[in-house]
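A.B. asks:
Numbering (mature numbering (1 follows the signal peptide of the UniProt record, and there is no 0)), first residue to last: -20 to -1, 1 to 299.
1) To the nearest angstrom, how far is it from the Cα of residue 236 to the Cα of residue 191?
2) With a Cβ-Cβ cutoff of 9 Å, do residue 266 and residue 16 count as a contact?
3) Looking at the secondary structure, which residues open and close the beta strand (DSSP E) in which residue 260 lies?
4) Can you name, in chain order, every residue of its own chain whose Cβ lies under 6 Å from the Cβ of residue 11, other than the five neighbours on each side?
5) With residue 176 as the anchor, note down where its beta strand (DSSP E) starts and where it stops.
6) CB-CB under 6 Å to residue 150, same chain, minus the five flanking residues each way: which ones, in chain order?
7) Determine which residues share a DSSP beta bridge with residue 287 and list them.
8) Can you tell me the Cα-Cα spacing of residue 275 and residue 248, whole angstroms?
9) Can you find the residues in the same chain that come closer than 6 Å, C-beta to C-beta, to residue 133, ignoring five residues on each side of it along the sequence?
10) Could you tell me the distance, in whole angstroms, from the CA atom of residue 282 to the CA atom of residue 126?
11) Could you tell me the boundaries of the alpha helix (DSSP H) in which residue 213 lies?
12) Excluding the 5 residues flanking residue 242 on each side, which residues of the same chain have their C-beta closer than 8 Å to its C-beta?
13) Since residue 233 and residue 244 should fall inside the 8 Å C-beta cutoff, what is the C-beta to C-beta distance between them, to a whole number of angstroms?
14) Do you know offhand how far residue 136's Cα is from residue 250's?
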């Protein structure tokens, strides 16, 4: 082999490696504060998301806050106190729907929190104001609603499909409706950082069971981002193993229904676009034997070549 040929091979390998590194560049960092559904009150849905190399986090749902921050500190994700993470690092909360396992951490920690924005759709915000921050079940820490608003939180109502800047961050959000036991609505949040996106879904049932087109509409909206590889991952719930009867799904997904829904997305975004794509599985419901079975089923049914991620409380990862 001549020196020139060796040079060409080395140049080619360096170029490929550089290209691969650019392709793998991350845009978001995630710190799960709670990952489960169901009865584990110290580990319920809440995900801190920030631009890479930033401490300006938003919290996607807020089932567990304090216990999750403590876990992250134990794992050396944060080097400051629990109170400082709560007050300084979390810039706002995004509530997908007003069920207690998605809001209890926000409510309980509100007296110790700092001023920031709570984002939700109109229906969700009305439930938050009327049933929680209403000066009866809890003090009204918001800037509107019943009783005497203490104005610690700014309650910002999101308009469906409208891109909204996220206060005190470089990110924006766009909200999409989901069906969680039709006609009750949940929300999906599409978070944008630069040219990159991540999608978080609150609780949702499959379109076929919900008699809805909410997921189909969402997949249609994000398919171009999957095709262009701008979407870095999807947080989506899988609550029960496949054995759960439809009448007892209560607006949730099984491995079977998740894969069916993602096939719809693949049909819209193009063949093989989901190969190696990050699917972050949320809201797994105890008992442990069901979670183990659910993971086994997802592994066997993963014919799309998805990269399935099971987030762990207090353990940071990047997308």
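Beta carbons are placed, not taken as given, at the ideal position from N, Cα and C, and that holds for glycine.
C.D. replies: The short version:
1) When rounded, the distance between both Cα atoms is 17 Å.
2) A contact, by the Cβ cut-off of 9 Å.
3) Counted as a single uninterrupted DSSP element, the beta strand (DSSP E) harbouring residue 260 occupies residues 258 to 262.
4) These residues qualify, in order along the chain: 28, 52, 57 and 296.
5) Looking at the DSSP string, the run of the beta strand (DSSP E) that includes residue 176 is 176 to 181.
6) Excluding the 5 residues flanking it on each side, residue 150 has same chain C-beta neighbours closer than 6 Å at 31, in chain order.
7) Looking at the DSSP assignment, residue 287 forms a beta bridge with 258.
8) Cα to Cα, the separation comes out at about 26 Å.
9) Here the set comprises 98, 121 and 122.
10) Cα-Cα distance, rounded: 48 Å.
11) Counting along the chain, residue 213 sits inside no alpha helix (DSSP H); it lies in the beta strand (DSSP E) bounded by residues 211 to 217.
12) Cβ-Cβ distances below 8 Å link residue 242 to 254, 259, 284 and 286 in the same chain, with the five nearest sequence neighbours on each side left out; the list follows chain order.
13) Their Cβ separation, rounded to whole angstroms, is 13 Å, which puts residue 233 and residue 244 out of contact at 8 Å.
14) Here the alpha carbons of residue 250 and residue 136 stand approximately 36 Å from one another.
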